[in-house]
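Quick note on this note's numbering: the sequence shown kicks off at 36 and runs consecutively.
Glycine is no exception: its CB is placed at the ideal position from the N, C-alpha and C atoms.
See structure below.
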Amino acid sequence: MDNILIVDDNPSICSALALMLDIHGYQCVTCHGPEAALEIMGQQNISLVIQDMNFSRDTTSGEEGRALFYALRQAQADVPIILMTAWTQLETAVELVKAGAADYMGKPWDDAKLINSVTNLLAIYHLSRANQQLSRADAQRMASITKGELCGLIFASGAMQRCVDLALQIARSDVSVLITGPNGAGKDKIADILHANSPLKDKPFIKVNIGALPMDLLEAELFGAEAGAFTGATKARIGRFEAADGGTLFLDEIGNLPLSGQIKLLRVLQTGEFERLGSHQTRRVNVRVLSATNANLAEDIAKGLFREDLFYRLNVIELKLPPLHERIDDVLPLVQHFVGQGVSLSKPAQLALLNYTWPGNVRELENACKRAVLLAPSSLLTAADFGFSGAELPNHLQSTAVEGSVFQGMGLQSSNLQAPVPILTPALQDVEAQHNEALDNEAHYNELQPQIASNPQISQVDIELALVEHKGVIARVAKSLGLSRQALYRRMEKFGIQVTKS
Numbered sequence: 036m037d038n039i040l041i042v043d044d045n046p047s048i049c050s051a052l053a054l055m056l057d058i059h060g061y062q063c064v065t066c067h068g069p070e071a072a073l074e075i076m077g078q079q080n081i082s083l084v085i086q087d088m089n090f091s092r093d094t095t096s097g098e099e100g101r102a103l104f105y106a107l108r109q110a111q112a113d114v115p116i117i118l119m120t121a122w123t124q125l126e127t128a129v130e131l132v133k134a135g136a137a138d139y140m141g142k143p144w145d146d147a148k149l150i151n152s153v154t155n156l157l158a159i160y161h162l163s164r165a166n167q168q169l170s171r172a173d174a175q176r177m178a179s180i181t182k183g184e185l186c187g188l189i190f191a192s193g194a195m196q197r198c199v200d201l202a203l204q205i206a207r208s209d210v211s212v213l214i215t216g217p218n219g220a221g222k223d224k225i226a227d228i229l230h231a232n233s234p235l236k237d238k239p240f241i242k243v244n245i246g247a248l249p250m251d252l253l254e255a256e257l258f259g260a261e262a263g264a265f266t267g268a269t270k271a272r273i274g275r276f277e278a279a280d281g282g283t284l285f286l287d288e289i290g291n292l293p294l295s296g297q298i299k300l301l302r303v304l305q306t307g308e309f310e311r312l313g314s315h316q317t318r319r320v321n322v323r324v325l326s327a328t329n330a331n332l333a334e335d336i337a338k339g340l341f342r343e344d345l346f347y348r349l350n351v352i353e354l355k356l357p358p359l360h361e362r363i364d365d366v367l368p369l370v371q372h373f374v375g376q377g378v379s380l381s382k383p384a385q386l387a388l389l390n391y392t393w394p395g396n397v398r399e400l401e402n403a404c405k406r407a408v409l410l411a412p413s414s415l416l417t418a419a420d421f422g423f424s425g426a427e428l429p430n431h432l433q434s435t436a437v438e439g440s441v442f443q444g445m446g447l448q449s450s451n452l453q454a455p456v457p458i459l460t461p462a463l464q465d466v467e468a469q470h471n472e473a474l475d476n477e478a479h480y481n482e483l484q485p486q487i488a489s490n491p492q493i494s495q496v497d498i499e500l501a502l503v504e505h506k507g508v509i510a511r512v513a514k515s516l517g518l519s520r521q522a523l524y525r526r527m528e529k530f531g532i533q534v535t536k537s
């Protein structure tokens, strides 16, 4: 259960707050001064703090509360802190909210608003903690991944991290692996990683694209043929299995293998034995088989097009490679890799790349990058250079000065541009309203928000791209744009980017 620390020099207020929170199922710890608060923070797990701004030495300035706030932030930087005072100082409120205070309330407080704020802040706190745990797990996974041979694979998404991590784990064994995923997603690159990190990495690695081989020559290609076995066979030839003996054989598009070839393949997987086409001599090989397909083999089995027993032989472990639209964090790193050094992307081009569905996956992205670099008139690539066409972008992007009319008919869905929505609690809205009134005075405005005056050219495109890049984390978005959070909220409201008010 969450512990809420209440710090107020008035015991009656501590009791009233503790009783109210206890009724709503929260566990409270109370104290009456900064020293006791810091001692409790060092000894107990505290999930939220409600602190007064004025204590016994000073009843109106808020300096003791300000000092306590910064000390609590130093002791536990991520704990949400609600500030309460009967003597509201706007400058102090703005300063501390900018410094990370979660809410600012006046006394007497509104019970409903306080409970609503506590509920929301604790939910955000736990989500943040969970995100930190996931980030640490990803960092640990990435550290172990970078120790392996990645064969030039470019990725940044969690989905690909997990896939590559699993590939590195199973690479050390000799079991058969079935790699599934759509065309162009990079299945052959995963096969390279499996072989390069296996004990067989110094042994032969033979790749066969089953779909590219003529059906009448398929068995000869896989298992070899004796001289005279078919028209044009003037001398004996070894097959791919013999060539891969002692190493690894990668069978791409395994779903295209005919039933006759499936029977022979099953025998090789079971016994290591086979005969060349036109020969009765049994030969033996020791080969690790990797296979890949974009087909639904379960459906093919139901239709009688693929042998179920062969499926289970190939599919000791399955590696599912997600399509590119499910690992959007890989798009921009891949683009940078494909376009090379000295080439940059306009912000609308980045939005376009991130929101396009890429049905052809990495292969389509690579071709689009090559085409853009070849045809672009400058080293700054725009959305038009990538050939987007079809659906429309939102109107404000169509009229942007960055690329003018380029956005007319780009292949994007405006619904995909919706960034995570920031939360502005009711009490912070009150502080924000007071702050806005104060900003009517130009001198006061320039004193409190110099960043706004120095960044007059920040556009809606800039804000939307920053929201996408920082996953809607307002503090990070504001920092990247050189704005305070309050200034960012006002600009979002001005441009029509929704702010949910709870």
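To the nearest angstrom, report how far apart residue i and residue j are at their CA atoms.
i, j, result
"residue 497", "residue 382", "8 Å"
"residue 280", "residue 274", "10 Å"
"residue 219", "residue 525", "43 Å"
"residue 282", "residue 322", "6 Å"
"residue 269", "residue 258", "17 Å"
"residue 293", "residue 159", "55 Å"
"residue 522", "residue 216", "45 Å"
"residue 312", "residue 256", "9 Å"
"residue 395", "residue 504", "24 Å"
"residue 304", "residue 278", "16 Å"
"residue 194", "residue 353", "15 Å"
"residue 145", "residue 50", "16 Å"
"residue 203", "residue 183", "7 Å"
"residue 102", "residue 77", "17 Å"
"residue 142", "residue 86", "12 Å"
"residue 410", "residue 403", "11 Å"
"residue 386", "residue 190", "18 Å"
"residue 276", "residue 247", "17 Å"
"residue 99", "residue 421", "58 Å"
"residue 428", "residue 375", "Model confidence at residue 428 stands at a pLDDT of 42, short of 50, so the residue's coordinates are unreliable and nothing is read from them."
Considering just the uninterrupted stretch of the beta strand (DSSP E) at residue i, what are its terminal residues?
i, result
"residue 212", "212-215"
"residue 308", "308-310"
"residue 493", "Where residue 493 is concerned, there is no enclosing beta strand (DSSP E), given that its DSSP letter is neither H nor E."
"residue 324", "323-328"
"residue 371", "Premise fails: residue 371 lies in the alpha helix (DSSP H), 366-374, not in any beta strand (DSSP E)."
"residue 64", "62-66"
In the DSSP output, which residue or residues are listed as bridge partners for residue i?
i, result
"residue 86", "42 and 118"
"residue 240", "283"
"residue 198", "Partner(s): none; residue 198 has no beta bridge."
"residue 380", "416"
"residue 255", "DSSP output for residue 255 lists no bridge partner at all."
"residue 260", "272 and 312"
At which residues does the alpha helix (DSSP H) containing residue i begin and terminate?
i, result
"residue 417", "Element bounds for residue 417: n/a, residue is neither H nor E."
"residue 320", "From DSSP, residue 320 is part of no alpha helix (DSSP H); its letter is neither H nor E."
"residue 521", "520-530"
"residue 506", "Run containing residue 506: none; DSSP gives neither H nor E here."
"residue 78", "69-78"
"residue 223", "222-231"
"residue 409", "396-410"
Near residue i, what residues of its chain come up, given a Cβ to Cβ distance below 6 Å and the 5 sequence neighbours on each side ignored?
i, result
"residue 188", "224"
"residue 46", "none"
"residue 493", "516"
"residue 511", "505"
"residue 192", "362, 364 and 365"
"residue 62", "36 and 38"
"residue 213", "326, 349, 350 and 353"
"residue 52", "41"
Please indicate yes or no: does the CB of residue i lie closer than 7 Å to some heavy atom of the ligand GTP?
i, result
"residue 58", "As presented, the structure is devoid of all ligands, the ligand GTP included, so that no description of it is given."
To which residues of the same chain is residue i closer than 7 Å at the C-beta, ignoring the five residues directly before and after it?
i, result
"residue 137", "115, 116, 117 and 156"
"residue 66", "42, 72 and 75"
"residue 344", "301"
"residue 299", "254, 258 and 309"
"residue 272", "259 and 260"
"residue 150", "59"
"residue 314", "261"
Within its chain, find whatever has a CB closer than 8 Å to the CB of residue i; leave out the 5 residues flanking it on each side and keep chain order.
i, result
"residue 164", "113"
"residue 186", "224, 227, 228 and 231"
"residue 377", "414"
"residue 555", "The question about residue 555 has no answer here: the residues shown for the chain are numbered 36 through 537."
Unbroken stretches of the alpha helix (DSSP H), 4 residues or longer, contained in the segment 102-185 = 125-133 and 146-180
Entirely enclosed alpha helix (DSSP H) segments - the segment 330-362, minimum 4 residues: 332-337 and 343-349
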